[in-house]
Each structure stands twice: as C-alpha cells, then as structure tokens.
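Undergrad: Per this note's numbering, the sequence shown starts with residue 171, numbered consecutively. Don't be surprised by glycine CBs; every beta carbon is placed ideally from N, CA and C.
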Amino acid sequence: MLKTLAALLICLGATQAVAQDNSVVSTRGTVSMAQLIQDGYEIKSSSWTGSKLFVFLQKDNSAYACEFANVTNTRCGSIN
171 MLKTLAALLI
181 CLGATQAVAQ
191 DNSVVSTRGT
201 VSMAQLIQDG
211 YEIKSSSWTG
221 SKLFVFLQKD
231 NSAYACEFAN
241 VTNTRCGSIN
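1) Grouping DSSP H, G and I as helix and E and B as strand, with all else coil, what is Ile249?
2) Write down every uninterrupted run of the alpha helix (DSSP H) in the stretch 194-243 whose length is 4 residues or greater and which is fully enclosed by it, in chain order.
3) Starting from the Cα of Met203, find the closest Cα among Arg245, Lys214 and Lys222 and give me that residue.
4) Report the option in Phe226, Thr242 and Asn240 whose CA atom is closest to the CA atom of Asn250.
5) Have a look at Phe224, Gly220, Glu212 and Ser216 and flag the residue whose alpha-carbon is nearest the alpha-carbon of Phe238.
6) Nearest-angstrom Cα distance between Val201 and Gly247?
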C-alpha cells in the first residue's frame, strides 16, 4: 500500500496535476494535492472505493480530502 501511494505521489509531482474542484465545497478554492503537500499538509489516511482512491491530508486544524479517478482527474476540497 505504501509503495502504491509513494508511486502515486511521484506521478503527481512529475505531472503537476491540477485539481479540478467542481462539486466539492471549499472555502479556499481549487487546490492540488502537490500544493497542499508543499504547504505542509501531511497524508493521514487513504482508502480505495471502487475505482477511486481517496487521500486525506491534515495540517493543524485544517483538513482536505482528495479524490483520484486517475492521475489527471483529481479533486481536492476542504472538509472542515
């Protein structure tokens, strides 16, 4: 699981995939997982549901959820 997550993060960093926030409610606007990690957010958990991977990131009292359909189709949104 960790190898898969590490490979996913490497792909994200290499492609600079941009998050497209269409239906997730967020007060901070559209943000990519790469930007969240650069801002100091840490991956706290991940979960597979069907064909999508959900990754949960946290920094202090702020948290985000990122949904991956594939490397180029990603949405991140604030969950608090």
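TA: A quick look at the data gives this:
1) For this step, residue 249 is matched to residue 79 along the sequence shown. Here Ile249 sits in coil by DSSP.
2) Within the stretch 194-243, the alpha helix (DSSP H) runs of at least 4 residues that lie entirely inside it are, in chain order, 203-208.
3) Walking along the sequence shown from the start, residue 203 turns up at place 33. Per the Cα distances, Arg245.
4) As a working note, residue 250 is residue 80 in the sequence shown. Taking Asn250 as reference, the option from Phe226, Thr242 and Asn240 with the minimal CA-CA separation is Phe226.
5) The residue labelled residue 238 in the question sits at position 68 within the sequence shown. Considering only alpha carbons, the answer is Phe224.
6) Here residue 201 corresponds to residue number 31 of the sequence shown, with the count starting at 1. Here residue 247 corresponds to residue number 77 of the sequence shown, with the count starting at 1. The straight-line gap from Cα to Cα measures roughly 7 Å.
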